[in-house]
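Notes for the one structure printed next.
2 protein chains.
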Amino acid sequence: MIKPRSRRGGGRPTISDVARKAGVGAITVSRALREPERVSEELRRQIQAAVDELGYVPDPNARALASARAEVFGVLVPSLTNNVFAEVVRGIYDSLSASPFRIQLGNTHYSGLEEERLLQLFGSQRPAALIVAGIDQTPASRKLLESAGCPVVQVMETGPDPVDMMVGFSHLDGGRTATEHLIEAGYRRIGFIGARMDPRSQRRLAGYRAAMEAAGLFDPRLVTTTPVPSSVSLGREMFRDALAKVPTLDGVFCNNDDIALGVLFECHRASIAVPKTIGIVGFNDLDMMQVAFPSITSIRTPRYEIGRRAVAMALAAIAGNRPEQRIVDLGFELKRRESTAR
Amino acid sequence: MIKPRSRRGGGRPTISDVARKAGVGAITVSRALREPERVSEELRRQIQAAVDELGYVPDPNARALASARAEVFGVLVPSLTNNVFAEVVRGIYDSLSASPFRIQLGNTHYSGLEEERLLQLFGSQRPAALIVAGIDQTPASRKLLESAGCPVVQVMETGPDPVDMMVGFSHLDGGRTATEHLIEAGYRRIGFIGARMDPRSQRRLAGYRAAMEAAGLFDPRLVTTTPVPSSVSLGREMFRDALAKVPTLDGVFCNNDDIALGVLFECHRASIAVPKTIGIVGFNDLDMMQVAFPSITSIRTPRYEIGRRAVAMALAAIAGNRPEQRIVDLGFELKRRESTAR
DNA sequence: TGCAAATTTGGTAGCGCTACCATCTCTGTT
DNA sequence: AACAGAGATGGTAGCGCTACCAAATTTGCA
Chain A
2 MIKPRSRRGG GRPTISDVAR KAGVGAITVS RALREPERVS EELRRQIQAA VDELGYVPDP
62 NARALASARA EVFGVLVPSL TNNVFAEVVR GIYDSLSASP FRIQLGNTHY SGLEEERLLQ
122 LFGSQRPAAL IVAGIDQTPA SRKLLESAGC PVVQVMETGP DPVDMMVGFS HLDGGRTATE
182 HLIEAGYRRI GFIGARMDPR SQRRLAGYRA AMEAAGLFDP RLVTTTPVPS SVSLGREMFR
242 DALAKVPTLD GVFCNNDDIA LGVLFECHRA SIAVPKTIGI VGFNDLDMMQ VAFPSITSIR
302 TPRYEIGRRA VAMALAAIAG NRPEQRIVDL GFELKRREST AR
Chain B
2 MIKPRSRRGG GRPTISDVAR KAGVGAITVS RALREPERVS EELRRQIQAA VDELGYVPDP
62 NARALASARA EVFGVLVPSL TNNVFAEVVR GIYDSLSASP FRIQLGNTHY SGLEEERLLQ
122 LFGSQRPAAL IVAGIDQTPA SRKLLESAGC PVVQVMETGP DPVDMMVGFS HLDGGRTATE
182 HLIEAGYRRI GFIGARMDPR SQRRLAGYRA AMEAAGLFDP RLVTTTPVPS SVSLGREMFR
242 DALAKVPTLD GVFCNNDDIA LGVLFECHRA SIAVPKTIGI VGFNDLDMMQ VAFPSITSIR
302 TPRYEIGRRA VAMALAAIAG NRPEQRIVDL GFELKRREST AR
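Chain order of the listed sequences is A and B. Numbering-wise (our numbering), the first sequence opens with residue 2 and increments by one. Numbering-wise (our numbering), the second sequence opens with residue 2 and increments by one.
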């Protein structure tokens, strides 16, 4: 006689407990939970009653092991505190909360090596989908993504060569649009101030440069960058540096809104008139940009929407109808405000 | 003759593959990976070589199923985009990245019901530890936490009755300290402006009230609150409301820094002198507070440190040496700045 | 030297679930 | 009436790993 070993798992009800109580086979319970339409109305009710009574919750680990597929979306972002990625993650989270999928979050700290390590780790779970920020994966990371055996969505940017799918916008165009706006507004000695200088910042800088060169205004001394992580206080400092380098500066395109805010505050402090003496443009259009005094022109980016769309595409692919449009450009929008209204 | 079914899992190497290659039993490989000191030097080397050659990564799902314990920390926060919680999560993440534990993130959206749902869900994974924001769980949530069978750390606040462990600080004291500072600086008609009004905001308000009453300055018309989520633009609007209600207002203690920034910008816009006409105090002390012009007095809160400490305590408990101090108050610090330097 | 105790290794039997196939109804069709 | 086909249900055999116990080997010590 086989005596069931005292439960390792601390006595939580299992699928067989439910099956016994409902008077059906375990597999039928499994089906009732995952594909209700394949189980008769009546059994479904009985099973649901048993589930409720026992407080049964399926064990996701057992599920993942048996089906060789975890109900997990792996999400890789370079930062958890940067509002931009927080918004993307929020979009992903909100779109997934009604589904059975969980999120496995990874923070690459802007490091390609760390990204590889996390991808390796995530792969061991056989995730249902992978969402990664950026399009500049290392060759090793790219290989891992290609062999992940699940839908992959690269987010934040668009580019010519997706691993699988892409949702984002062109940072180069964003940088160019911002700069062209300053030029049109009559600014001439327009600086670029950029922190962190990750690939997206690099492309914004490239857009700035393209616009400046097209207008015959480019001067390398106008560009101030640092690998240091971005912050409002850094924005203030960098602006002072830029001004010291080029006293005739009359405008700045900032890498992001934090930097722009730092610039604005320094202008207040130094009694530099905005937009009269200096024009300011930010990037991302955080809420505070429209409240600032003067309000700050910025490039609005669809961060939350990127998260939502990435999930929608991944879910479609999982369901078997992979979207025909594999690269989705959600664009951006120039928000003209007081800081450039000369 | 039993023919092994074609691998469901897509041919990734398993522990038996490693064992075969290393010429040992599967269980020895398992041990070499989890408790290396229990395996002889020599076998360990052989096994490591086989692991490297095959690129073996253990399947966390199988592991969790077999050991009835997932290497997962469940983390519940009310918001992903609020910088405060993002910092806590970053602290948790950083402290855990060197360990084998993963993070399962849950966003309660400030809802007790959602918290219960997530706790139920998380419980089904038998996490190694749970970290939850706040101390105001519903009775059902509390029961779930108590029966989770793993260390539980409540973070952000301190209180008298922990489920298990606590790391945070007193929001009531924070609110009182901020308000007392304004009173000492000579402000009299000091308003409270608060958005969202979650339990922590409520306690800051209680601290404000205590300080005002102690000074004989309390007037309910000085209090302006809303359940709407906090933002810089909301801060601006609420300040206008507050001023319309009480034109003699000469100071504000803001629920958080976003609100404070909105107040500051509105002061600029309306040409209200800060700190002369109005004194401003924020809460949390985000980086931008010290850069703002004028710089804004705020209560610095140890958000990142809370995350680190919560993990440290949970890891200690998992390792068997539960910290004797179960409630850790990390305190806060009043940062005096220009916005209250009358 | 002999024997108990400690150390190292391995076999077996699941963990809770689902893929796969088999069985058993019911239709509907000829 | 006979039978194919569809739909509903169940049994069996793992998924990849570890808990538990047993066996083999080494060590310690009287």
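Yeah, the Cβ is synthetic: ideal placement off N, Cα and C, and Gly gets one too. Source: prediction; values computed, not measured.
For residue j and residue i, believed in contact at Cβ under 8 Å, the rounded distance
| i | j | result |
| --- | --- | --- |
| Asn-256 (chain B) | Ala-196 (chain B) | 6 Å |
| Tyr-188 (chain B) | Gly-283 (chain B) | With 8 Å as the limit, Tyr-188 (chain B) and Gly-283 (chain B) do not qualify as a contact, their Cβ atoms being about 15 Å apart. |
| Gly-75 (chain A) | Phe-123 (chain A) | 4 Å |
| Asp-165 (chain B) | Val-153 (chain B) | 4 Å |
| Phe-240 (chain A) | Gly-263 (chain A) | 7 Å |
| Glu-214 (chain B) | Ala-129 (chain B) | Going by Cβ atoms, the distance from Glu-214 (chain B) to Ala-129 (chain B) rounds to 45 Å, so no, they are not a contact pair. |
| Ile-300 (chain B) | Leu-335 (chain B) | 6 Å |
| Ile-191 (chain B) | Val-253 (chain B) | 7 Å |
| Ala-243 (chain A) | Ile-194 (chain A) | 6 Å |
| Phe-333 (chain B) | Gly-160 (chain B) | Their Cβ separation, rounded to whole angstroms, is 15 Å, which puts Phe-333 (chain B) and Gly-160 (chain B) out of contact at 8 Å. |
| Val-341 (chain A) | Ala-186 (chain A) | According to the sequence provided, residue 341 (chain A) is Thr. The question's Val does not apply to it. 5 Å between Cβ atoms; contact. |
| Glu-117 (chain A) | Ser-142 (chain A) | 5 Å |
| Asp-258 (chain A) | Asp-286 (chain A) | 7 Å |
Chain-ordered chain B contacts of residue i [CB-CB under 7 Å]
| i | result |
| --- | --- |
| Ile-132 (chain A) | Those within 7 Å of Ile-132 (chain A) in chain B number zero; the least Cβ separation is about 14 Å. |
| Ile-104 (chain A) | Leu-106 |
| Tyr-94 (chain A) | Leu-81, Asn-108 |
| Arg-91 (chain A) | Leu-81, Thr-82 |
Inter-residue Cα distance where the pair is residue i and residue j
| i | j | result |
| --- | --- | --- |
| Arg-8 (chain B) | Thr-15 (chain B) | Caution applies to Arg-8 (chain B), whose pLDDT of 46 falls short of 50 and renders its modelled position unreliable; the value that the coordinates give is listed next. Spanning the two alpha carbons is a distance of roughly 10 Å. |
| Arg-6 (chain B) | Leu-66 (chain A) | Bear in mind that the predicted position of Arg-6 (chain B) carries a pLDDT of just 41, short of 50, making it unreliable; the figure below should be weighed with that in mind. Cα-Cα distance, rounded: 15 Å. |
| Glu-325 (chain A) | Ile-104 (chain A) | 25 Å |
| Ala-320 (chain A) | Ser-234 (chain A) | 47 Å |
| Val-58 (chain A) | Ser-80 (chain A) | 33 Å |
| Ser-403 (chain A) | Pro-200 (chain A) | No information on residue 403 (chain A) is available, as it lies outside the stretch 2 to 343 that chain A covers here. |
| Gly-150 (chain A) | Arg-127 (chain A) | 8 Å |
| Ile-260 (chain B) | His-269 (chain A) | 20 Å |
| Ile-132 (chain B) | Gln-49 (chain B) | 34 Å |
| Val-52 (chain B) | Lys-22 (chain B) | 9 Å |
| Ile-93 (chain A) | Leu-331 (chain A) | 16 Å |
| His-1 (chain A) | Leu-119 (chain B) | With chain A running from 2 to 343 in the structure shown, residue 1 (chain A) is simply not present. |
| Glu-306 (chain A) | Ala-315 (chain A) | 14 Å |
| Arg-338 (chain B) | Leu-146 (chain A) | 49 Å |
| Leu-355 (chain B) | Tyr-209 (chain B) | This structure leaves residue 355 (chain B) out entirely; chain B is present only between 2 and 343. |
| Val-25 (chain A) | Arg-35 (chain A) | 16 Å |
| Lys-4 (chain A) | Pro-140 (chain A) | Low confidence applies here, because Lys-4 (chain A) scores a pLDDT of 36, under 50, leaving its location unreliable; read the following figure in that light. Going by the C-alpha atoms only, they are around 53 Å apart. |
| Ile-136 (chain B) | Ser-148 (chain B) | 17 Å |
| Asn-62 (chain A) | Asn-62 (chain B) | 5 Å |
| Val-19 (chain B) | Arg-222 (chain A) | 58 Å |
| Asp-220 (chain B) | Pro-276 (chain B) | 22 Å |
| Ala-245 (chain B) | Pro-163 (chain A) | 55 Å |
| Gly-10 (chain A) | Ala-69 (chain B) | Because Gly-10 (chain A) carries a pLDDT of 49, less than 50, the predicted location of this residue cannot be relied on, and the following value inherits that uncertainty. Approximately 5 Å between the Cα atoms of the pair. |
Chain A contact residues for residue i, given Cβ-Cβ distances below 7 Å
| i | result |
| --- | --- |
| Asp-288 (chain B) | Ser-232, Val-233, Ser-234 |
| Asn-62 (chain B) | Asn-62, Ala-65, Leu-66, Ala-71, Gln-126 |
| Val-52 (chain B) | What Val-52 (chain B) touches in chain A: nothing, since even the nearest Cβ is about 13 Å away. |
Chain B residues whose Cβ lies nearer than 9 Å to that of residue i
| i | result |
| --- | --- |
| Ala-293 (chain A) | Val-233, Leu-262, Phe-266, His-269 |
| Glu-88 (chain A) | Leu-81, Thr-82 |
| Arg-237 (chain A) | Val-292 |
Chain-ordered chain A contacts of residue i [CB-CB under 8 Å]
| i | result |
| --- | --- |
| Ala-99 (chain B) | Chain A residues near Ala-99 (chain B): none, gap ~12 Å exceeds 8 Å. |
| Gln-121 (chain B) | Val-58 |
Contacts that residue i makes with chain B (C-beta to C-beta distance below 8 Å)
| i | result |
| --- | --- |
| Ser-327 (chain A) | According to the sequence as given, residue 327 (chain A) is Arg; it is not Ser. Under the 8 Å cutoff, chain B gives no residues; its nearest Cβ is about 23 Å from Arg-327 (chain A). |
Neighbouring residues, chain A, relative to residue i (Cβ below 9 Å)
| i | result |
| --- | --- |
| Arg-309 (chain B) | The contacting residues do not exist; Arg-309 (chain B) stays about 14 Å from chain A at best. |
Beta bridge counterpart(s) of residue i as assigned by DSSP
| i | result |
| --- | --- |
| Phe-123 (chain A) | Looking at the DSSP assignment, Phe-123 (chain A) forms no beta bridge with any residue, so it has no partner. |
| Lys-246 (chain A) | Partner(s): none; Lys-246 (chain A) has no beta bridge. |
| Val-76 (chain A) | A:Leu-106, A:Ile-132 |
| Asp-330 (chain B) | B:Gly-169 |
| Phe-86 (chain A) | Partner(s): none; Phe-86 (chain A) has no beta bridge. |
| Asn-285 (chain A) | A:Arg-301 |
| Leu-335 (chain B) | B:Ile-300 |
| Ile-191 (chain B) | B:Gly-252 |
| Gly-280 (chain B) | B:Gly-252 |
Exercise for review: Can you check the segment 137 to 185 of chain B for any alpha helix (DSSP H) of at least 4 residues that lies completely inside it and give the ranges in chain order?
Suggested key: For the segment 137 to 185 of chain B, whole alpha helix (DSSP H) runs of length 4 or above, ordered along the chain, are 140 to 147, 172 to 185.
Exercise for review: Would you list, in sequence order, the uninterrupted alpha helix (DSSP H) runs of no fewer than 4 residues that lie entirely inside the segment 91 to 120 of chain A?
Suggested key: none
Review point. Enumerated in chain order, which unbroken segments of the beta strand (DSSP E) with a length of 3 residues or greater are wholly contained in the segment 217 to 247 of chain B?
Key: As summarised for the segment 217 to 247 of chain B, the continuous beta strand (DSSP E) elements at least 3 residues long and confined to that stretch are 224 to 226, given in chain order.
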